[in-house]
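In what follows, a single structure is set out as structure tokens and then discussed.
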Amino acid sequence: MTIAKILKAALEYSRKAVLENLQRAAESTDSLNPFGDVTLAADILAEDEIIRVLHESGLGFNILTEERGLIEAESLPEFLAVVDPLDGSANFERGLPLCCGGISVIPFSDQMTTDRIETSVISSYFTKDVYVAVTGKGVRRNGKSVSVASPKHVEESVVSYDTKASWLGDFASGSLRVLGHVKDMRRAGSNLLDLCWTACGVLDAMVDLRDILPIVHVSGTHIVCEAGGFVIAANGSRLLLPLRIDCRMSFVAASTKELAREILRLFQGGR
């Protein structure tokens, strides 16, 4: 079984566990995960199934998860799996059907970075859309190849913009500049879904410049890159991050390098 098939199976079991336990899945566990967010029962249900399938695959995985942190293999691991079991927890808690799970896999080494991700899979739990990216082989949604939108000027672009931050100082002024220049803004409340929609050309860009997004969202940025897009870090360089639990993401993911750079330039005040 290929890595992609293992990840698809893990996310399908995860999806079923969540949807078959809807009545209690939205309950809070009154505990915080390693990233400081409240854990729902659904987070644990989803994560348990993913961990189980990875452990039963016959391959050796270290697993970096949103709810438990780093789970180390009993022997020398072959791979690192980076897992977000339920992206869009706040949506799920309120009954909004916009959430998904995402996994990226990297060959285990001393230098594991986003550049070394080989396979990513994201599964939309309520629509059954499954996005698969294999490095060098593009992206498929439900088995069909997808790619980013055609080039657009910033004034013509429709973007996702994560606004969940304190609207003070530089973030507020930078965000207002960006949103004042784009054609329109959408936000699903699940960054992985917004990144998938950027990858398949529904959106022109997904922007998260809060510098607080957990590293477990790397499946989304990988999928954008493999679909032909470009992901730029807040410092202006191509996004390249170590795969550590303490690492946070801040980026513009867009259909073209030019659009990504223009959005970042606007956020930074035209510098």
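Quick note: the sequence shown uses the numbering used here, first residue 13, plus one each step.
Every residue gets a Cβ at the ideal spot worked out from N, C-alpha and C, and that includes glycine.
Report yes if the C-beta of Glu130 is less than 7 Å from at least one heavy atom of the ligand ZN; otherwise report no.
-> Ligands are entirely absent from the displayed structure, and the ligand ZN is therefore not among its contents.
Can you tell which of Val144, Met13, Ser231, Pro89 has the C-alpha that lies nearest to the C-alpha of Leu98?
-> Ser231
Whole-number beta carbon distance between Thr125 and Leu252, since they are thought to touch under 8 Å = 6 Å
When the Cα of Gly186 is compared with those of Ile275, Lys164, Asp196, which residue comes out closest?
-> Ile275
Short check: CB of Ser249 to CB of Leu225, under 8 Å?
-> no
Same chain, Cβ closer than 6 Å to Arg152, five either side skipped, listed in chain order = Val144
Beta-ladder partner(s) of Pro254, from DSSP = Thr125
Residue-level contact to chain C via CB, Gly241, 8 Å cutoff = Among the chains of the structure shown, chain C does not appear; only one protein chain is present.
If you check the beta carbons only, do Val236 and Leu191 fall under 8 Å apart?
-> no
Between which two residues does the beta strand (DSSP E) carrying Ile244 extend?
-> 242-245
With a CB to CB cut of under 6 Å and the five nearest residues on each side skipped, what residues in its chain are close to Met218?
-> Ser172, Asp206, Leu207, Thr210, Ala265
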